[in-house]
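> I'd like to ask some things about the structure below.
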């Protein structure tokens, strides 16, 4: 685990995992909108926080589970096609499975008056529940991106969780 304090700049997924949802959102709002090509490649991933689940015992269990080898999500692989469009896929189950393809673009963020890289899962080849997910990411440090995952419900989009993706973190779930 990193010794980075909560007030200094994060450099790893472990650093991001130390932050609460309010700190993550503030960091996201201050982050940089990357180019699609910045994300190209196989990135390690980690679920960071679920805003609606902040009871200490549940939060601790989710943090431990998301770092364990039992957590199914390993990260995302991105490939840009043009400066405005790309695609990617989620890697699951110990890198054995790639599921839930997405298209990438840059557009207005749900979180504020700035742009973000959007991951669109709304394609027929994804299961109906996955099609309701809207991810977006921004760069918080070189090679480290913070993401917001929204679920589309009848009454609009709701922030479901924060996640991070990083280059060159290898090993485990993040």
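In my numbering, the protein residues as written are 1190 to 1363. Every residue, glycine too, gets a C-beta built ideally from N, C-alpha and C.
Report the residue from 1289, 1226 and 1308 whose alpha carbon sits nearest the alpha carbon of residue 1399.
What the structure shows of the chain is the stretch from 1190 to 1363, and residue 1399 is not part of that stretch, so it cannot be assessed.
> If you run the structure through DSSP and keep just helix, strand and coil, what is residue 1254?
By one-based count along the chain shown, residue 1254 stands at place 65. For residue 1254, the predicted structure reports a pLDDT of 49, less than 50, and the residue's modelled location is therefore unreliable. A value from the coordinates is still provided. Under the three-state reduction of DSSP output, residue 1254 falls in the helix class.
> Does the beta-carbon of residue 1254 have 16 or more other beta-carbons within 10 angstroms, so that it is buried, or is it exposed?
Numbered from 1 along the chain shown, position 65 holds the residue referred to as residue 1254. Unreliable positioning characterises residue 1254 in this predicted model, as indicated by a pLDDT of 49, which lies under 50. A coordinate reading is not provided.
> I'd like to check one pair, residue 1205 with residue 1228: are the Cβ atoms closer than 7 Å?
Residue 1228 sits at position 39 when you count from the first residue of the chain shown. Residue 1205 sits at position 16 when you count from the first residue of the chain shown. Against a cut-off of 7 Å, the Cβ pair of residue 1205 and residue 1228 comes out as no contact.
> Do you know offhand how far residue 1211's Cα is from residue 1318's?
By one-based count along the chain shown, residue 1211 stands at place 22. By one-based count along the chain shown, residue 1318 stands at place 129. So the alpha carbons of these two residues sit roughly 27 Å apart.
> Quick check on the DSSP output: the alpha helix (DSSP H) that includes residue 1405 runs from which residue to which?
A query on residue 1405 cannot be resolved here, the shown segment of the chain reaching from 1190 to 1363 and no further.
> Could you compute how far the alpha carbon of residue 1266 sits from the alpha carbon of residue 1230?
The residue given as residue 1266 occupies position 77 in the chain shown. The residue given as residue 1230 occupies position 41 in the chain shown. For residue 1266 and residue 1230, the distance between alpha carbons rounds to 5 Å.
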